[in-house]
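Presented below is the structure to which this report refers.
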Amino acid sequence: MDGSNGSSAQHWLTLARHTPLGILCDLDGTLVPFARTPEEARPDAGALELVNTLAALPGVTMAIVSGRPKSWLEAFFPSPHVFLVAEHGAARRGMGAWENIGKIDPAPLEELAARLERLAERHPGALVERKQTTVALHYRQVQRGMRGELLVEAYGIIDKFVAKNPSFERLEGVLVAEIRPTSVKKSSAVPWVRELAGANTRLLALGDDVTDEHMFRVLGANDEAIVVRTTERRRTAARWELDDSNEVRAVLRWLQGVRAGQTPLPVVLPRPLNRRAPENVTPSRDLLVVSNRLPEFRPIDGDDGERRRNVGGLVSALEPALRSRGGMWLGWSGKTVSSSEPVTTGVVNEAGDTSSSVQLAWVDYTESWYQDYYSGFCNGTLWPLFHSFPSRVEMSDAGWAAYREVHEAFADLAAPHTSSRATIWAHDYHLLLFAHVMRQRGHAGPMGHFLHIPFPSLDIFSMLPWAAQLVDAMLDYDLIGFHTPQHVTNFAACAAALLPAKVSDDVIKHRGRETHIAALPIGIIPDAFQEPPEPAVVEEVDALMRTLGDAKLVLGVDRLDYTKGIPERLTAFGRMLEMFPEWRGKVSLVQISVPSRADVPLYAEQRATIESIVGRLNGEFGEAAWVPVRYLYRSYGKEQLSQLYRAAAVGYVTPLRDGMNLVAKEYVAAQDPEDPGVLMLSQFAGAAVEMQDAVLTNPYYIDGMARDLDRSLRMRLDERKTRHAKLLATVERSNAVTWAESFLDALAACR
Ligand code: ADQ
């Protein structure tokens, strides 16, 4: 027993002796240990005997509150003294007879179950359990590295179903996703048992997953809840915890002995949970993702829409890991506040309640941080420098000071929410110092960083006055991931030249620490670009295509940024019309540019340059029935983009420098394999390393690019198909989910 805590022992003794006492006990993961499949998880003789004995005690009302179906529960607990709550409250058996709670039409679940079953067939170990009012997808038996892929697909199916059928919801259990009626919750068992047990009842509820939290939350001040910490550590309404079903049984056996008039010494007592944390502080998280912008899990004031699209793939890639580990995502809210105001920070559950395990934490920027950190050091210094545009680099002491200050603010918010052993994954050039500031706060767990943009060569990087300090701080990470082997080599060369570090191809030893460096190229979720479109989307894209008449479509899609090489691309298109006049009237370029950093003068200037080239080309070559270039300065949804990609004869992806370039991968994913278009790709995009079957081109060489475009437009079907098949295989194999898993696996392996 916990002899050191006499007051706990007294507290439990008082509860154990109270009459009437109602016990609400979950089965799987609470009274019965988890098994590989739901079928194998059967209450053994010991558990059955314990429940039956408790139920027979005078003054005790014993209820099993489970997600299992009626018939299953009844088979194990035939005694009418044991009260049963089945399928999370959809049915219950009090004094012998079953009653159904609420009117639930389970018909829509049929199709969902069938779809999930088809999905499960493709994922060894996945199992669909069909009950009267719920469907559960169990993935305990799916190999660890394979779960992410299954879940991305499964969530896609389930979330669509739930959107169409709002009377159902998805609930995350321990390695199971369950779709169930929103009206049915285990909480309904609490007043029921209280009433059955009689006046002045005290209740004891025991459970391990989120469905049990519904029960815990409606308990009264004199009741108690015990959470069983199996694999998840999440926010709980319980005040006590136990480790596993063995401890649950030990406590219940002790309770039974107490009521039987013996005075057994408890083998174990529930341990109190630390309740001192303020209301808005969440318990420690096992995985913290940090990026400049928060993902669009939930709209936050000040969102300008850019964030949603930029991190869409990142969210899908990380969502499974975040959900299964009860993760938190920390980033900038997108809001700026006047510098005189204090910095506001906050934490919410993504769904605004405790039903899901992913939490968001955010920082607002002061105006001076926006100026000096975001526009200044991040986008005015690091972005151009890392993309090897030294002439565009602006540097200031204020920028470097703000860069360090914002890292401190992020760390101040992260530290109280993260256990010192948690895994932290920071993203991109905005957060190069994050490991350093977290280590200063005592963080001991694994920390990784992924750089989404290139890492430049030593001669460029050393233009930065703080180059050595930056690399030194980065070596507080355990793993730094880059898109390409060249970026890895560049980083290693900088560390070797700027620090007294011991550098090999994949490990840098410095200050007694080891940092692993690796090329881990990011991917997309290919399925997202292959779904059949809604009719409204088809109509919108058709309308655009009609304006092109019979002309073949050459498509450019980018954030408006000088690294994307849009002026060069337009100029090469004009050059092609000069060199190969037979294309006039037969091909049109559509350039879609999503507004980005519009308040930065350099970007406004870039926009003006592009518009003037478009004007010149249309003036020079345009005819009454043919517009050579359509320029659209706007963003499109994923479905619209997929349709445009599919309609394009050439995906014209020609950045001057790019970390990876996801548009190239999206274009390939969206093609019709029987009649695919041609990907024309800059040799300076990170994507070129994996996508050698694209038509690779040099965006600095306008005549060459014009010839490559002509060649792409003329390419015969058999060659297009061969190239596309190889490219598609790469895009599907190296996708966003495998990327996230490889990164987290590599990070875990560092320790
Ligand atoms: P970005 O520089 O933003 O990303 P990219 O990889 O091409 O570049 O991703 C752009 C995303 O925005 C794509 O998903 C694309 O669909 C979307 N997008 C572009 N134009 C759009 C429009 N008009 N409407 C809607 N959506 C649009 C940074 C690095 C890249 C790296 C990624 C991921 O600069 O090199 O590939 O991160 O690591």
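Each residue of the sequence shown is one higher than the last, beginning at -4 in the working numbering. Note that beta-carbon positions come from the ideal geometry of N, C-alpha and C, so glycine has one too. Computed from a predicted structure; not experimentally measured.
{"Query": "Contact check, valine 532 vs glutamine 635, beta carbons under 8 Å", "Result": "yes"}
{"Query": "Contacts around alanine 689, its chain only, beta-carbon distance under 6 Å, and the 5 residues preceding and following it disregarded", "Result": "Leu674, Leu676"}
{"Query": "Leucine 268 CB to nearest heavy atom of the ligand ADQ below 7 Å", "Result": "no"}
{"Query": "Cα-Cα separation between alanine 664 and valine 726, rounded to whole angstroms", "Result": "7 Å"}
{"Query": "Under 8 Å between C-beta atoms of glycine 443 and glycine 476", "Result": "yes"}
{"Query": "Aspartate 522 beta carbon near the ligand ADQ (any heavy atom closer than 7 Å)", "Result": "no"}
{"Query": "Own chain residues within Cβ distance below 8 Å of aspartate 238, not counting five before or after", "Result": "Val223, Arg224"}
{"Query": "Unbroken alpha helix (DSSP H) run spanning leucine 493, endpoints", "Result": "480 to 493"}
{"Query": "Bridge-paired residues (DSSP) for phenylalanine 445", "Result": "His422, Gly476"}
{"Query": "Burial state of leucine 325, where buried means 16 or more other Cβ atoms lie within 10 Å", "Result": "buried"}
{"Query": "Bridge partner(s) assigned by DSSP for glycine 371", "Result": "According to DSSP, glycine 371 bridges with nothing at all."}
{"Query": "Cutoff 8 Å; reference arginine 746; Cβ partners in own chain excluding five residues on either side", "Result": "Pro441, Asp473"}
{"Query": "Burial state of methionine 90 (16 or more Cβ within 10 Å)", "Result": "exposed"}
{"Query": "Outcome for valine 262 when other beta-carbon atoms lying within 10 angstroms are tallied against a minimum of 16", "Result": "exposed"}
{"Query": "Range of the contiguous beta strand (DSSP E) that encloses glycine 569", "Result": "Here glycine 569 belongs to no beta strand (DSSP E); instead the alpha helix (DSSP H) covers 561 to 574."}
{"Query": "Asparagine 374, buried or exposed, once every other Cβ within 10 Å from all chains shown has been counted against 16", "Result": "buried"}
{"Query": "Identity of the residues DSSP links to aspartate 553 by a beta bridge", "Result": "Ser588"}
{"Query": "Glutamine 138 burial status per 10 Å Cβ neighbour count (16 or more: buried)", "Result": "exposed"}
{"Query": "Contact check, tyrosine 424 vs isoleucine 448, beta carbons under 8 Å", "Result": "yes"}
{"Query": "Aspartate 553 Cβ short of 7 Å to the ligand FMN heavy atom set", "Result": "This structure does not include the ligand FMN; its bound ligands are the ligand ADQ."}
{"Query": "Supposed contact pair glutamate 236 and arginine 266 - C-beta distance, whole angstroms, cut 8 Å", "Result": "5 Å"}
{"Query": "Helix, strand or coil at glutamine 638 according to DSSP, with G and I counted as helix", "Result": "helix"}
{"Query": "For tryptophan 364: DSSP bridge partner residues", "Result": "Per DSSP, none; premise fails for tryptophan 364."}
{"Query": "Counted within 10 angstroms of its Cβ, other Cβ atoms place serine 820 as buried (16 or more) or exposed", "Result": "For the chain, the structure presents residues -4 to 746; residue 820 sits outside this window and is missing."}
{"Query": "Own chain residues within Cβ distance below 7 Å of leucine 691, not counting five before or after", "Result": "Leu676, Gln678, Ala683"}
{"Query": "Where glutamine 5 falls, given that 16 or more other Cβ within 10 Å makes a residue buried", "Result": "exposed"}
{"Query": "Close-in-space but distant-in-sequence residues of the same chain around tyrosine 368 (CB under 6 Å, 5 per side omitted)", "Result": "Ala397, Tyr398, Val401"}
{"Query": "Under 8 Å between C-beta atoms of glycine 143 and alanine 735", "Result": "yes"}
{"Query": "Proximity of leucine 22 and isoleucine 59 at Cβ, strictly below 8 Å", "Result": "yes"}
{"Query": "For arginine 266: DSSP bridge partner residues", "Result": "Glu236"}
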